[in-house]
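Let me begin by presenting the structure, written as structure tokens, before commenting on it.
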Amino acid sequence: SPSENDPFISAIMNSKRFGNLMVSDYVEVFSRDTATQFAALTFHLNDDVYFVSFRGTDNSLVGWKEDFIMSYKKTEGQLKSVEYLNDIIRDDRRYILAGHSKGGNLAMYGACYISDDKLSRIIHIYNNDGPGLCPEVSDVSLIDRIRDLVTVIHPRYCIFGKIFAHDFKDVRIVTSSAKGIMEHDCITWEVEHGKLSTVDHFDPNSEWINEIAEKWLRDVSPDEREKLVNGVFSTAEARGAQTYTEAMQLDVDGVEDLIVNVVESDSLKTVAKIPEKVLFGDMIARLRTGKLAKFIDANQLIEGIVFTVIGLLMTIFTDNAFRVIITVLLGAVVVFQLVYTIKKLREDHWNFVREKTRVYIFLTVATLFAVILVKNEALFIVGSGICGGWLLAVAYRSFLAFKQSEVRDFAFWKNFVKSILYSGCGIFIILAPSDTAQWFMLVLGGVMAIDGLSAIIFSFIEANEKYSRKYHHLKDKVRHKNSNHKKEG
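Quick note on our numbering: the sequence shown kicks off at 950 and runs consecutively.
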């Protein structure tokens, strides 16, 4: 926002390096009718070199909508970037183009579509974490015209700049004082000794999201993207929202309108193609890479004990095991939602009006939980889905371990058998009728107990081998040390 940037702008104006620069050719176009949010200006670095800067996305709803429009058609802003460069470029001057986020896209797009004579006056282009050109909309072969001119700068946690990304030679990854998706804000990019602080690799969590986002974009046509964008933004526009901040403050009626608009725009299939990794960001990645998950995954003994205990309990208490396990899991979700809702209410000074959406969500979850407890058939349907999904995930994990094994040892055959047994159990519980729950829990409990016991035994064998290797290594080290002493004597 302007108030947040005031100190930064003031520091630039008062600096020796930038304070006396002349600025010219300022152009701004804003139109809700054509979804256009465009601005550009030119800095006079010296008599010969000029720096053209394109504005990125502001907080306006129009600006955000234009970002999404880029995924299915050329925007007015992109056409304006070509028009701007054609108007200001002169034969006796050299130019550097730059922009952040959408501005980086405009800098590249404009350079791609101007004439060879105009392009020859451009000496460099900086794309600061901006998306590339959509291949279904633009002629991406034109990127070859500017490939040697472009420097791309991304934060370590990069999402926006990887959308429709091109293969450029000069790509730099910078560190940031922010975390996660907020690293996109270039104000947070860190500097050391007058230069950007760079690293060699992107954040693995952001790369994980990028892979899924790319797959979704490949699976969804431009027409489907357009319907989804119109369905989502029409909700905010109809409710009078003019900024991104206002659009995010939907009440219950707003959420209902959003659902209705998405359904009416025939975008349910498009939404269904969005994997959970895109919807929930890196939350799942954090769970997967968390300390507890790493500890359990690395410690076969702990995993074996857990599986053995659960398996034995399931075989002993077959009558109620399924109901108890699913009830505890769903109850944990309700408790978490309750605690989270209370936490948010406390942070908002118990403003129930402002937090009513969150309260309604909790009440809905709690009501569904109560219905599931009362209706045995509903409990089995939900529980079989959860249990089946978990078992198939365990089977898939075992299959991957089996596939990656290079030696046909105990672990190789163990993972092979586990992948078959757990996939069979998972498919069965998803498809089986409710009256088979007791028999299923008995079989699954036995499988888990045997699996857990084998993991415990195998962990002790590994520990013994590790201790033996360490002992022999230490023994050899002492023998070698003693032999050296004898030689010296």
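For every residue, glycine included, the Cβ atom is placed at its ideal position computed from N, Cα and C.
These numbers come from a predicted model, not from an experiment.
Per the Cβ contact rule, the region 1127-1139 is in contact with the region 1100-1117 (3 or more Cβ pairs under 8 Å).
DSSP, read as helix, strand or coil, puts Y1058 in helix.
Distance check between V1396 and each of L1370, Y1075, F1361 places L1370 closest, using alpha-carbon atoms only. When rounded, the separation of the alpha-carbon atoms in S959 and G968 is 9 Å. Rounded to whole angstroms, the Cβ separation of F1109 and P1080 is 6 Å, and the two are in contact under 8 Å. Inter-segment contact for the region 1351-1362 and the region 1298-1317 is absent: fewer than three beta-carbon pairs are separated by less than 8 Å.
For R1043, the enclosing beta strand (DSSP E) starts and ends at 1043-1049.
Annotated three-state conformation of F992 is strand, per DSSP. Around H1115, the same chain offers G1081, I1092 as residues with beta carbons nearer than 6 Å, after the five sequence neighbours per side are excluded.
Distance from the Cα of W1362 is smallest, within the candidate group F1407, W1388, I1378, R1272, for F1407.
Within 10 angstroms of the beta-carbon of I1265 lie fewer than 16 other beta-carbons, which makes it exposed. As DSSP reads the structure, Y1075 sits in a beta bridge with A1047, T1100. In the three-state reduction of the DSSP assignment, S1354 falls in the coil class. Under DSSP, I1122 takes part in a beta bridge, and its partners are H1103, V1148.
Per DSSP, reduced to three states, the secondary structure at D1172 is helical. One Cα belongs to I1291, the other to S1125, and the distance between them is close to 33 Å.
Secondary structure note for E1085: it is in no beta strand (DSSP E), with a DSSP letter that is neither H nor E. By the neighbour-count definition (other C-beta atoms within 10 Å, threshold 16), A1327 is an exposed residue. The C-alpha of S973 lies about 7 Å from the C-alpha of F992. Taking the Cβ atoms as the reference, M1263 lies roughly 6 Å from L1393, within the contact range of under 8 Å.
Contact annotation: the region 1093-1100 does not touch the region 1143-1161, with fewer than three C-beta pairs closer than 8 Å. Secondary-structure assignment with DSSP links W1299 through no beta bridge to anything. With contacts defined as CB atoms closer than 8 Å, V1101 and F1113 fail to qualify as a contacting pair. Closest option to F1256, judged by alpha-carbon separation, among I1071, K1367, A1060, D1078: K1367. Straight-line spacing of the CA atoms in M962 and D955 works out to 10 Å.
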